[in-house]
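Note sheet for the following structure.
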Amino acid sequence: DAGVTQSPTHLIKTRGQQVTLRCSPKSGHDTVSWYQQALGQGPQFIFQYYEEEERQRGNFPDRFSGHQFPNYSSELNVNALLLGDSALYLCASSLVSRVFGANVLTFGAGSRLTVL
Amino acid sequence: DAKTTQPNSMESNEEEPVHLPCNHSTISGTDYIHWYRQLPSQGPEYVIHGLTSNVNNRMASLAIAEDRKSSTLILHRATLRDAAVYYCILSPAYSGAGSYQLTFGKGTKLSVIP
Numbered sequence: 001d002a003g004v005t006q007s008p009t010h011l012i013k014t015r016g017q018q019v020t021l022r023c024s025p026k027s028g029h030d031t032v033s034w035y036q037q038a039l040g041q042g043p044q045f046i047f048q049y050y051e052e053e054e055r056q057r058g059n060f061p062d063r064f065s066g067h068q069f070p071n072y073s074s075e076l077n078v079n080a081l082l083l084g085d086s087a088l089y090l091c092a093s094s095l096v097s098r099v100f101g102a103n104v105l106t107f108g109a110g111s112r113l114t115v116l
Numbered sequence: 117d118a119k120t121t122q123p124n125s126m127e128s129n130e131e132e133p134v135h136l137p138c139n140h141s142t143i144s145g146t147d148y149i150h151w152y153r154q155l156p157s158q159g160p161e162y163v164i165h166g167l168t169s170n171v172n173n174r175m176a177s178l179a180i181a182e183d184r185k186s187s188t189l190i191l192h193r194a195t196l197r198d199a200a201v202y203y204c205i206l207s208p209a210y211s212g213a214g215s216y217q218l219t220f221g222k223g224t225k226l227s228v229i230p
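Protein chains in written order, with my numbering: chain A, 1 to 116; chain B, 117 to 230.
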């Protein structure tokens with residue numbers, strides 16, 4: 001059973017450029033979240049997509065945008081890259097539960113973005 | 117979101133039990149306690165979660181204090197593959213509508229000594 005897959009695994013960009021990262025959720029999952037992890041820090045929530053809509057957003061500027069496709073896969077776009085955007089970008093998927101309770105996320109290995 | 121406090125680092129000898137503590141004195145009645153771990157060069161991996169009672173699964177055990185203000189993740193026999201950063205996270209009960217996030221701290225870096 002394939003887990004969460006992300007591409008590319010590594011990429012290098014220069015300041016001002018734009019980047020698109022891709023994520024395929026675990027089979028059977030319908031919700032995708034994106035997290036940013038700076039070196040030595042825990043992951044920080046960017047936003048979450050469900051039913052092709054952004055449902056919740058963390059404290060990130062509008063330069064960060066996303067999309068979810070009908071097959072539940074997702075893209076993260078970052079415009080006007082800054083040096084501070086250098087980080088590991090993690091995608092996580094889950095299955096929306098109609099039952100009140102705990103939810104569990106499955107993470108991918110991430111895309112390592114370096115901005116020069 | 118309610119916050120957690122964990123030691124920055126811990127060491128354990130291989131094949132010995134490991135007890136990773138977490139304090140969460142401001143936990144609310146509907147907050148679940150989650151543990152995730154992150155191995156080097158990988159994304160976080162779910163370990164275990166609980167609400168009030170102690171929980172066991174194939175990876176670990178979760179012991180929750182009676183007042184719920186602290187919890188302990190127990191690895192029964194540490195192996196070299198358990199060397200990772202362990203995150204203790206509180207999350208409100210999920211209420212649907214696709215809205216769910218985890219707030220990570222810095223976690224505890226566990227080193228396993230052969």
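Think of the CB as a built atom: it goes at the ideal place given N, C-alpha and C, for glycine as much as any other residue. These figures come from a predicted structure and were not determined experimentally.
Identify the continuous beta strand (DSSP E) that holds residue i and give its terminal residues.
i: Gly66 (chain A); result: Phe64 to Gln68
i: Phe47 (chain A); result: Gln44 to Tyr50
i: Gly166 (chain B); result: Glu161 to Gly166
i: Met175 (chain B); result: From DSSP, Met175 (chain B) is part of no beta strand (DSSP E); its letter is neither H nor E.
i: Leu189 (chain B); result: Ser186 to Leu191
i: Val115 (chain A); result: Ser111 to Val115
i: Ser73 (chain A); result: Here Ser73 (chain A) belongs to no beta strand (DSSP E), and DSSP marks it neither H nor E.
i: Gln18 (chain A); result: No beta strand (DSSP E) holds Gln18 (chain A); DSSP gives it neither H nor E.
i: Asn103 (chain A); result: No beta strand (DSSP E) holds Asn103 (chain A); DSSP gives it neither H nor E.
i: Glu127 (chain B); result: Ser125 to Asn129
Can you tell me which of the three DSSP states residue i falls into?
i: Leu39 (chain A); result: coil
i: Arg197 (chain B); result: helix
i: Asp85 (chain A); result: helix
i: Lys13 (chain A); result: strand
i: Val147 (chain B); result: Note on identity: in this sequence residue 147 (chain B) is Asp, with Val being the wrong assignment. In the structure shown, Asp147 (chain B) sits in a strand (DSSP, three-state: E or B).
i: Thr31 (chain A); result: strand
i: Gln56 (chain A); result: strand
i: His135 (chain B); result: strand
i: Phe220 (chain B); result: coil
i: Thr120 (chain B); result: coil
i: Ser157 (chain B); result: coil
i: Gly142 (chain B); result: Checking the sequence, you will find Thr at residue 142 (chain B) rather than Gly. In the structure shown, Thr142 (chain B) sits in coil (DSSP, three-state: anything other than H, G, I, E or B).
i: Ala92 (chain A); result: strand
i: Lys225 (chain B); result: strand
i: Asn77 (chain A); result: strand
i: Pro61 (chain A); result: coil
i: Pro208 (chain B); result: strand
Ordered along the chain, which non-local residues of its own chain (more than five positions away) have a Cβ less than 6 Å from that of residue i?
i: Ser17 (chain A); result: Ser is not the amino acid found at residue 17 (chain A); the sequence shown has Gln there. Closer than 6 Å at the Cβ level, and outside the excluded window around Gln17 (chain A), lie Leu81.
i: Ser177 (chain B); result: Ile190
i: Lys185 (chain B); result: Ser141
i: Glu54 (chain A); result: Phe47
i: Ser93 (chain A); result: Val4, Pro25, Lys26, His29, Val32 and Thr106
Can you give me the Cβ contacts of residue i inside the same chain, cut-off strictly under 7 Å, excluding the 5 residues immediately before and after it?
i: Pro271 (chain B); result: Since the first residue of chain B shown is 117 and the last is 230, residue 271 (chain B) is not available in this structure.
i: Glu127 (chain B); result: Ser227 and Ile229
i: Tyr152 (chain B); result: Pro160, Glu161, Tyr162, Val163, Tyr203 and Ile205
Using only the alpha-carbon positions, how far apart do residue i and residue j sit?
i: Glu161 (chain B); j: Lys13 (chain A); result: 28 Å
i: Leu39 (chain A); j: Leu136 (chain B); result: 23 Å
i: Gly110 (chain A); j: Ser24 (chain A); result: 12 Å
i: Pro133 (chain B); j: Asp198 (chain B); result: 11 Å
i: Tyr89 (chain A); j: Thr20 (chain A); result: 11 Å
i: Glu52 (chain A); j: Arg193 (chain B); result: 43 Å
i: Tyr50 (chain A); j: Asp30 (chain A); result: 7 Å
i: Asn59 (chain A); j: Glu182 (chain B); result: 34 Å
i: Cys91 (chain A); j: Val104 (chain A); result: 13 Å
i: Gln217 (chain B); j: Gln48 (chain A); result: 8 Å
i: Ser86 (chain A); j: Gly166 (chain B); result: 34 Å
i: Ile149 (chain B); j: Ser33 (chain A); result: 20 Å
i: Leu116 (chain A); j: Gln158 (chain B); result: 23 Å
i: Thr106 (chain A); j: Asn172 (chain B); result: 19 Å
i: Ser125 (chain B); j: Leu155 (chain B); result: 14 Å
Counting only the same chain and skipping the five closest in sequence on each side, list residues whose C-beta sits under 8 Å from that of residue i.
i: Glu130 (chain B); result: Ala194, Thr195, Leu196, Val228, Ile229 and Pro230
i: Thr120 (chain B); result: Cys138, Asn139, His140, Cys204, Ile205, Leu206 and Gly221
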